[in-house]
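Protein chains in written order, with my numbering: chain A, 1 to 602; chain B, 1001 to 1602.
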């Protein structure tokens, strides 16, 4: 009897005999899970985490596990992969430190390019102690020294008396507008948390609010992955499972909470120093994180509950920051154009462009903005998960061993895998490269058909091109690109190309008039622009007009975290954006059909 | 073996043999618990509620009980008194409908004497349905029709999409300042809840916010009684028991929640129509309800955490009103002069008095305000629980069978009991009457000593005067007033008299210059003013200068509920009040010692 195992965050899936250990399963499926001692249960490096729903799908913890893992870890679903035997279908999460090399999560940049002007400011206060001659309330005493009629958040008041007395009637008050959101020991730096809450990955940044300096940055997989790979799967899960929406909300909060712990450890800070947070994400992630219903996001006309900027108490959504800390959510534009897009526009200043400029953030949904003739036109296009490695036979995320570059030189295939490991799969940039190179070499026709070639063989899903033979592969079998894989890429790139083409038509701009193309996001940063232009995914314009900017949504979140002016700018951007709904646009279908062709643009 | 049973809300306590049923115990202790069928378990009228800590002190529910009480009731600790046998010391709560006649709780008045100007106002909206041509967010759509840049509370947003669609894109928005706190079906009246959260009793009022009309009013015992009779006992419980503060918070919220249910049933309304609440209480009740620490309230210099007005989300303190409803808490003045005093000043307009005016709210702590020469001087004096029936041998609250009036005519004792029942004890007004009459008749000297009299006999606690002989008593034994009881009254009245005397001295006013004395609160409304003046508890001025006004704290809460102007007025009053700390006042001790005398003022 065999069972299905899915390893996250790599997204690798396979069927293996019941009774296999998780470590053995990981090895057979080419998952880079640590296991220094070779499966003796001696090193503890193969620690994995099992989501609640999958816990009964494993053999009970062995005595080795109960020795090596403490009760809290076991309670959170931690197991040793070399000990746990698979009894039924399950999901396994590999924490970053158990991967043979950390998953590549796009987090970069130590500085935010704005002058700090934070919503929350610090005031150091020295109070007169209470006495029978002066029995005013603690709050009145603080108010007097602040010299302002501030309000106090209830959670702050609940700890005020003990803290003031412990600190000898001295304190630093964190004041947000007219409200005190935290009391800290005098001179404690006030920190802020910026989060890009992606469907797949979370990127987090811990900043000093006063200096605007980034103290730490880190990435984590979105724990919601256990409930569905893409936005629509999660919306469905949230609607159909009785506790689905709550689980998704808690998973997002848990992911951000874990990220914050890592950031605080790195920066040697305490979570209660974090007095403000900014979270950006697509509209579905925004809604799922806030516990807002997503039913109307999942059905035409794809209507969000709220598109304006929102402020919520961190504690109300399960985040443990300073007692009264607020989370500021940047505005969304539409059901499929979210705050992450607004943050990307903010960070890249696309809205201020004085020449026709395209911004593309390529993912499962690709958000595109055209700034031209004083307008900001945005759309979202369903490019599918092909570039994240899903729906591709040997597809995987950009983890170690993923082929990320492919070249055909003199009829021979050259490739490069992440961290130089033996290849175990192929990630988005590699898939794009492979298609472009095969097209260039004439192995693929413009409709994606595979020509006769010594390396093309019939396979389960139509003809397959062998990229890596079994001997060289880290998988013990050949890594191939199939006709079906090529179709997936055609669908993805057609969706993207039809998107920017419709926007150009709306604005009355020709393709070659575009002066600047900003490609954002983790995948976009690694792709070979030349190949993308060659197959018609990006406009056929000189390569020097392209910029690959990395995670600008995270940068935008950080800018909004430290600057009130940037928040106002983001709100103005969101109001200015004209949303173009592609699904009902008269030209979209035709553009899409045309764009299925692998053009061979130079 | 005998066990101690305490019946609340009457506050009656006694020792009885282990194995006694609760109904039998109630009868032996003179508690007016219903039992129409005579203890056969057939009528269910003897239903009582056992607080969680006392539940194991009873025999397990019998089959009769599991038949008559449903699982939810049993889960809340409901029992039939005729079935449950006492195994150990315990507290028993008698719900109002199980008392032979409802406890007298001071709730009155159908109107608030102010023009409505509420914080929350209604807007009926008719929206254009969402479509692919107009996919704006639900919130944007509401904002457009409101014509204002409102924010939405998160809990409101969480139910917005389903409700808007259910109601055909029509809704009534409840808007508080710039925030939407509830969405209701079109034309639903917006309601408000005003609560006087007393140490012993809760008084609640349900109002129509638009008209200011009181739709329903009701009283309940404060469920915190299970954790201590007075403020200090509860502060101690909250500090010393591990979960004490949380239990007290939850008990207060539960009490208000139950009261709200009754009010809504009476007014045929839903709790989610309640979009705003005002709660007043003494400073300790205010803190315990909000989960604020009370340690510094219980020790000199008796410092509150917050004395200013406070706004908290109802859901944050466990009250289930409209999703985003806010509770507004009127300001406190000091550790022992709370928002209930401010509300009483507001309702009586004492602050606007143009002649020297005293306001007294008599209770375990008596708050007194003197308005004179443009000043407002307030103090709190520890008058003790004697007038609530505690620490008095046959003392009880003003429940049926409580002697509330006593007269000595021609050497014969005449008395009147609540609802004309056979007397089972004596309540505050009766105790005050008895002392005044015995003093008038010369049975008591000015120091409280009992003269020789045919009805005075030696008792366990010194000489006792027989008010009701055993034959007439509903207790099966004589009801007496002991020398010790008289001492308790002397202590109480001395504390009160010393309080207003110190205030008069502070303001430089003579006793006979006081033109108006407002006596507030449940006890104050029932006392015989003449007797109180006679023993020196109230100033020796003509009786026509006294007013007995009932629960003006509740009236003040209702005024603040429906009027923003009244909230501002209350804040101004609280700032104007000069707090006089009696415990350190140079004259207090001397005035107190003098005031122990039963003066015999005419």
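All residues carry an ideal CB built from backbone N, CA and C; glycine is no exception.
Here the structure is a predicted model, which is why all the values come from computation and not from measurement.
Contact with chain B by residue i, beta-carbon distance below 9 angstroms
| i | result |
| --- | --- |
| residue 293 of chain A | yes |
| residue 290 of chain A | yes |
| residue 583 of chain A | yes |
| residue 586 of chain A | no |
| residue 332 of chain A | yes |
Three-state class that DSSP yields for residue i in the structure shown
| i | result |
| --- | --- |
| residue 175 of chain A | strand |
| residue 1264 of chain B | helix |
| residue 1052 of chain B | helix |
| residue 1583 of chain B | helix |
| residue 1602 of chain B | coil |
| residue 226 of chain A | helix |
| residue 1476 of chain B | coil |
| residue 1523 of chain B | helix |
| residue 386 of chain A | helix |
| residue 1537 of chain B | coil |
| residue 1028 of chain B | helix |
| residue 1017 of chain B | strand |
| residue 1528 of chain B | coil |
| residue 307 of chain A | coil |
| residue 1160 of chain B | helix |
| residue 460 of chain A | coil |
| residue 188 of chain A | coil |
Residue i at chain A interface by Cβ criterion, 9 angstroms
| i | result |
| --- | --- |
| residue 1310 of chain B | yes |
| residue 1282 of chain B | no |
| residue 1002 of chain B | no |
| residue 1237 of chain B | no |
| residue 1217 of chain B | no |
| residue 1579 of chain B | yes |
| residue 1361 of chain B | no |
| residue 1296 of chain B | yes |
| residue 1108 of chain B | With a pLDDT of 49 at residue 1108 of chain B, under the threshold of 50, the predicted position of this residue should be treated as unreliable, though the coordinate-derived value follows. It does not: the Cβ of residue 1108 of chain B has no partner Cβ on chain A nearer than 9 angstroms. |
| residue 1102 of chain B | Only weak support exists for where residue 1102 of chain B lies, its pLDDT of 36 falling under 50; the value from the coordinates is given anyway. Output row for residue 1102 of chain B: interface = no. |
Beta-ladder partner(s) of residue i, from DSSP
| i | result |
| --- | --- |
| residue 91 of chain A | A/6 |
| residue 403 of chain A | A/417 and A/426 |
| residue 61 of chain A | In the DSSP output, where bridge partners are listed per residue, residue 61 of chain A has none listed. |
| residue 1381 of chain B | B/1366 |
| residue 1221 of chain B | B/1201 |
| residue 327 of chain A | A/277 and A/312 |
Cβ distance (whole Å) where residue i is taken to contact residue j below 8 angstroms
| i | j | result |
| --- | --- | --- |
| residue 464 of chain A | residue 438 of chain A | Wrong, their Cβ atoms sit about 11 angstroms apart, outside the cutoff. |
| residue 566 of chain A | residue 346 of chain A | 6 angstroms |
| residue 1582 of chain B | residue 1502 of chain B | 6 angstroms |
| residue 1083 of chain B | residue 1062 of chain B | 5 angstroms |
| residue 323 of chain A | residue 120 of chain A | Going by Cβ atoms, the distance from residue 323 of chain A to residue 120 of chain A rounds to 13 angstroms, so no, they are not a contact pair. |
| residue 1479 of chain B | residue 1473 of chain B | 5 angstroms |
| residue 522 of chain A | residue 201 of chain A | 7 angstroms |
| residue 1137 of chain B | residue 454 of chain A | Incorrect: roughly 56 angstroms between the Cβ atoms, too far for contact. |
Inset, instruction - Would you list, in chain order, the members of the segment 137-166 of chain A that have their beta-carbon closer than 7 angstroms to a beta-carbon of chain B? - result: Those would be 137, 138, 139, 140, 152, 154, 157, 158, 160, 161 and 162, in chain order.
Inset, instruction - With 8 angstroms as the limit, tell me which residues of the segment 1379-1391 of chain B have their beta carbon closer than that to any beta carbon of chain A; keep them in chain order. - result: Going along the segment 1379-1391 of chain B in chain order, one finds no residue with a Cβ nearer than 8 angstroms to chain A.
Inset, instruction - For the segment 299-325 of chain A, enumerate the residues whose C-beta is nearer than 7 angstroms to any C-beta of chain B, in chain order. - result: Correct list: 300, 301, 302, 303, 304, 305, 306, 307, 308, 312 and 316.
Legend entry - Residues of the segment 335-346 of chain A with Cβ closer than 7 angstroms to any Cβ of chain B, in chain order: Answer set for the segment 335-346 of chain A: 335.
Legend entry - Interface residues of the segment 1040-1067 of chain B facing chain A [CB-CB below 7 angstroms]: Result list empty, no residue passes.
Legend entry - Under 9 angstroms (Cβ pairs) to chain B, residues found in the segment 186-207 of chain A: Within the segment 186-207 of chain A, no residue qualifies.
Legend entry - Residues, ordered as in the chain, of the segment 120-135 of chain A that lie near chain B by beta-carbon distance below 7 angstroms: Within the segment 120-135 of chain A, the residues whose Cβ lies closer than 7 angstroms to any Cβ of chain B are, in chain order, 130, 131, 132 and 135.
Legend entry - Interfacial residues, the segment 468-490 of chain A to chain B, with Cβ spacing under 7 angstroms: Residues of the segment 468-490 of chain A with a C-beta atom less than 7 angstroms from some C-beta of chain B do not occur.
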